[in-house]
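Okay, structure first, notes after.
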Amino acid sequence: MKRILLLFIALAAVWGAAAKIRLPEIIGNDMVLQQNAEVRLWGWAEPYAAVKVETSWGAGAAVKSDAEGRWVVSVRTPAGSYEPQRITFASGDRVTFDRVLIGEVWFAGGQSNMEMPLGGFWQCPVTDANEIIARAGAKSGKLHYVKIPHAAAYMPQDRTAGSWTPCMTATAAKFTAAGYFFAEMLNDVLGVPVGIIDCSWGGSRVESWMSREVLSGYSDIDLTEEGISRVAQHLRPMVMYNAMLRPVAGYTVRGFLWYQGESNVGRYMDYAARLSDMVSLWRGLWGRDDLPFYYVEIAPFEYGNGKSLYLREAQIGLRS
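Pasting the structure below:
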């Protein structure tokens, strides 16, 4: 019995040590860090614990966690290259990632236009997809992506699933098609790794990607839990922001890509102002009011109510 008790104590000590430092899923092996930047890294440790970050390129940082164990540091990155780098997080125990690339990072959001993968949707293929996926093998080690899985929450969340995946022939079919073509072009021009964070949900509205604080200024939106539950899940305001976007907000990026609008055709008159509000919100979350925001005008498809033209006009009129 005494031996069993000692064994449990030893295991508890090991488990306790292993839990001393935690990182969000987006920080890990195969991630791409923005080049020539002060990149933001964060996680959790014991309350008021010392946290140290070391890198293979010589930069580092040290900080103490707050009363809830949260900590944030900034680490300077060099120019991008294809050489894998190493980064270690230490606070009692040590967590090391040795497959880290430095290059260009872009955040891609929107509805099905952005979410559609190279492999296509059911009965909705991507033109020349097989050839594109086959040639993705030549981009192995050059393009990486992380797909934030669908999630919805009434209250803001700190964590979400989704980890980095290198793009190659075996994985390219799940890469956002719009994001892939952008990343491929950028890699061809700049010659550095490119990472795409795909945070999208087919059918979502612009209001789905905005915070309660911003949405509370819109008189037509019921933000009570009961009111939100009456709306189809893919159209609900705020819930995707809470569960998918907010947990990764602040991961250092070069800019934003946005392909959305069809689900807002019915309220085209509000779209320009609300998209502008969303852009301001996102830039504030990332702490940079000058981050580029590139968006795609919706296609001239027949949406059934003849109002898509007005939505495209609203997109053209956006000033951010």
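If you use the UniProt record's numbering, the sequence shown closes out at 320, no skipped numbers anywhere. Think of the CB as a built atom: it goes at the ideal place given N, C-alpha and C, for glycine as much as any other residue. Keep in mind it's a predicted model, so treat the numbers as computed, not measured.
Check, Outcome
"Integer Cβ distance of L223 from L215, believed to fall under 8 Å", "6 Å"
"Member of Y241, S112, E184 and G141 whose CA lies at the smallest distance from the CA of D154", "What sits at residue 154 in the sequence shown is Tyr, not Asp. Y154 has its Cα closest to that of Y241, out of Y241, S112, E184 and G141."
"Cβ neighbour criterion (16 or more within 10 Å) applied to A19", "Note that A19 has pLDDT 48, beneath the 50 cutoff, so the model's placement of it is unreliable and the number below is only indicative. That one is exposed."
"Stretch pair the stretch 87-107 + the stretch 188-207: three plus CB contacts closer than 8 Å", "yes"
"Boundaries of the beta strand (DSSP E) in which W106 is found, first to last residue", "D93 to G110"
"Exposed unless 16 or more other CB atoms sit within 10 angstroms - verdict on D98", "exposed"
"Segment contact, 8 Å Cβ cut-off, at least three pairs: the stretch 149-169 with the stretch 29-43", "yes"
"Buried versus exposed call for S229 [16 or more other C-beta atoms within 10 Å across all chains shown]", "exposed"
"Local conformation of E83 per DSSP, three classes", "strand"
"Cβ pair count under 8 Å reaching 3, the stretch 130-146 against the stretch 168-180", "yes"
"Residues near A249 in its chain [Cβ-Cβ closer than 6 Å; skip 5 each side]", "L285"
"For D289, the nearest candidate out of Q111, V279, S91 and E297 (CA to CA)", "V279"
"Sub-7 Å separation of R159 and P24 beta-carbons", "yes"
"Residue nearest to A161 in terms of C-alpha spacing, selected from C199, S204 and S219", "C199"
"Cβ separation of G203 and Q111, assumed to be a contact under 8 Å, to the nearest whole Å", "6 Å"
"7 Å CB neighbourhood of L118 in its chain, flanking five on each side removed", "V126, A129, I132, I133, A172, A173, F175, A177 and Y180"
"C-alpha distance - R312 paired with W122, whole-angstrom precision", "27 Å"
"Cα-Cα separation between Y218 and D66, rounded to whole angstroms", "35 Å"
"Same chain only: Cβ atoms within 6 Å of A63, ignoring 5 sequence neighbours per side", "The amino acid occupying residue 63 in the given sequence is Val; Ala does not appear at that position. For V63, where only same-chain residues beyond five positions count, the Cβ hits under 6 Å are V51, W71 and V73."
"Rounded C-alpha distance that separates Q35 from T77", "6 Å"
"Helix, strand or coil at D290 according to DSSP, with G and I counted as helix", "coil"
"Proximity below 7 Å, CB of Y310 to CB of Y259", "no"
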